[in-house]
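Enquirer: What follows is a single structure, and I will ask about it in a moment.
Protein chains in written order, with the working numbering: chain Y, 107 to 241; chain F, 20 to 97.
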């Protein structure tokens, strides 16, 4: 049994600084500092409002994975979930027909714990985030 | 065998919203709309239609419709 703990909604932006202001107008508060992850080709920041957490992301280049969403006018483009065992969770979703978009890699946003992206059969992109550092 | 080519061309055409032409011309390089998001939609539709599974490496490496057809044939005959 794989337990998923909702962590955030990923929102792609053209400019972090501009969108932070928009979300502050919606009473979201910054959670931590802006981070940069060259592996994911993005910079980002978390914001929270009444228990709901969003991750604002800005591509570092035209080859960033976020670019194709922006071009289609899609802002909310993934949901992130914490899992105890990322390998077991990936196996569960791929057994159910999901496509593993990116294999687990350490992520700057999560103290180098591993993340992976999956594309589900209902065409939803999800991010799995490892709860504990793999040893 | 032609049925596979036609079905692949049709799936890609529907996702990219293009006219399905000759399969040799359907490449990621030729169609800017064949971006990473549409690539996932295409591969998911291909998997569902032909009841085959692709590895992450295969999905990442595919550059055109002919490669998809070749992989489908390989898996169906394997």
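Note that CB positions come from ideal geometry on N, CA and C, so glycine has one too.
Can we say the segment 189-197 of chain Y touches the segment 163-171 of chain Y, given the rule of at least three CB pairs closer than 8 Å?
Expert: Segments in contact, no.
Enquirer: Would you say residue 65 of chain F reaches chain Y, if we count a Cβ-Cβ gap shorter than 8 Å as a contact?
Expert: The sequence position of residue 65 of chain F within the second chain is 46, counting from 1. Not closer than 8 Å to any Cβ of chain Y, the Cβ of residue 65 of chain F fails to qualify, so no.
Enquirer: Count the other CB atoms within 10 Å of the CB of residue 210 of chain Y; is the residue buried (16 or more) or exposed (fewer)?
Expert: For this step, residue 210 of chain Y is matched to residue 104 along the first chain. With 16 or more other Cβ atoms within 10 Å, it is buried.
Enquirer: Quick check on DSSP: helix, strand or coil for residue 143 of chain Y?
Expert: Position 37 of the first chain, counted from the start, is the residue given in the question as residue 143 of chain Y. If DSSP states are grouped into helix, strand and coil, residue 143 of chain Y belongs with the strands.
Enquirer: Does residue 41 of chain F have its Cβ less than 8 Å from a Cβ in chain Y?
Expert: Within the second chain, the letter at position 22 stands for residue 41 of chain F. It does not: the Cβ of residue 41 of chain F has no partner Cβ on chain Y nearer than 8 Å.
Enquirer: For residue 120 of chain Y and chain F, any beta-carbon pair shorter than 8 Å?
Expert: Residue mapping note: residue 120 of chain Y aligns to position 14 of the first chain, counting from 1. By this cut-off, residue 120 of chain Y is not an interface position.
Enquirer: What residues of chain F sit near residue 134 of chain Y, judged by a beta carbon separation below 7 Å?
Expert: Mapped onto the first chain, residue 134 of chain Y falls at position 28. Simply none; closest approach about 26 Å.
Enquirer: Does any residue of chain F bring its CB to less than 8 Å from the CB of residue 147 of chain Y?
Expert: Position 41 of the first chain holds residue 147 of chain Y. Not closer than 8 Å to any Cβ of chain F, the Cβ of residue 147 of chain Y fails to qualify, so no.
Enquirer: Counting Cβ pairs closer than 8 Å, one from the segment 221-229 of chain Y and one from the segment 57-64 of chain F, do we hit at least three?
Expert: yes
Enquirer: Using the C-alpha atoms, what's the distance from residue 187 of chain Y back to residue 238 of chain Y?
Expert: In the first chain, counting from the first residue as 1, residue 238 of chain Y sits at position 132. In the first chain, counting from the first residue as 1, residue 187 of chain Y sits at position 81. Their backbone Cα atoms lie some 13 Å apart in a straight line.
Enquirer: Between residue 224 of chain Y and residue 127 of chain Y, what straight-line distance do the alpha-carbon atoms span, to the nearest angstrom?
Expert: Taking the first chain and counting its residues from 1, one reaches residue 224 of chain Y at position 118. Taking the first chain and counting its residues from 1, one reaches residue 127 of chain Y at position 21. CA-CA distance, residue 224 of chain Y to residue 127 of chain Y, rounds to 30 Å.
Enquirer: Could you work out which residue in Y:110, Y:120 and Y:107 is closest to residue 180 of chain Y when comparing CA atoms only?
Expert: Position 74 of the first chain, counted from the start, is the residue given in the question as residue 180 of chain Y. Per the Cα distances, Y:120.
Enquirer: List the residues that DSSP assigns as beta-bridge partners of residue 18 of chain F.
Expert: Outside the displayed range of chain F (20 to 97) lies residue 18 of chain F, so it cannot be described from this structure.
Enquirer: Scan the segment 49-64 of chain F for residues whose Cβ lies nearer than 8 Å to a Cβ of chain Y and list them as they occur along the chain.
Expert: 54, 55, 56, 57, 59, 60, 62 and 63
Enquirer: Anyone know if the C-beta pair for residue 116 of chain Y and residue 233 of chain Y falls short of 8 Å?
Expert: The sequence position of residue 116 of chain Y within the first chain is 10, counting from 1. The sequence position of residue 233 of chain Y within the first chain is 127, counting from 1. Their beta carbons are under 8 Å apart, which means residue 116 of chain Y touches residue 233 of chain Y by this criterion.
Enquirer: Chain F partners of residue 174 of chain Y, CB-CB under 9 Å?
Expert: As a position in the first chain, residue 174 of chain Y is number 68, starting the count at 1. Within chain F, the residues near residue 174 of chain Y are 54, 55, 56, 57 and 58.
Enquirer: Would you mind giving the Cβ-Cβ distance between residue 221 of chain Y and residue 235 of chain Y, rounded to the nearest angstrom? I have them listed as a contact below 8 Å.
Expert: One-based indexing of the first chain puts residue 221 of chain Y at position 115. One-based indexing of the first chain puts residue 235 of chain Y at position 129. Indeed, because the Cβ distance is near 5 Å, the residues count as touching under 8 Å.
Enquirer: Give the residues of chain Y in contact with residue 78 of chain F, contact being defined as C-beta atoms less than 9 Å apart.
Expert: If you number the second chain from 1, residue 78 of chain F lands on position 59. Going along chain Y in sequence order, the residues near residue 78 of chain F (Cβ under 9 Å) are 205, 206 and 207.
Enquirer: Indicate whether at least one CB of chain F lies closer than 8 Å to the CB of residue 178 of chain Y.
Expert: Within the first chain, numbered from 1, the residue matching residue 178 of chain Y stands at position 72. Answer yes: the Cβ-Cβ gap between residue 178 of chain Y and chain F drops below 8 Å somewhere.
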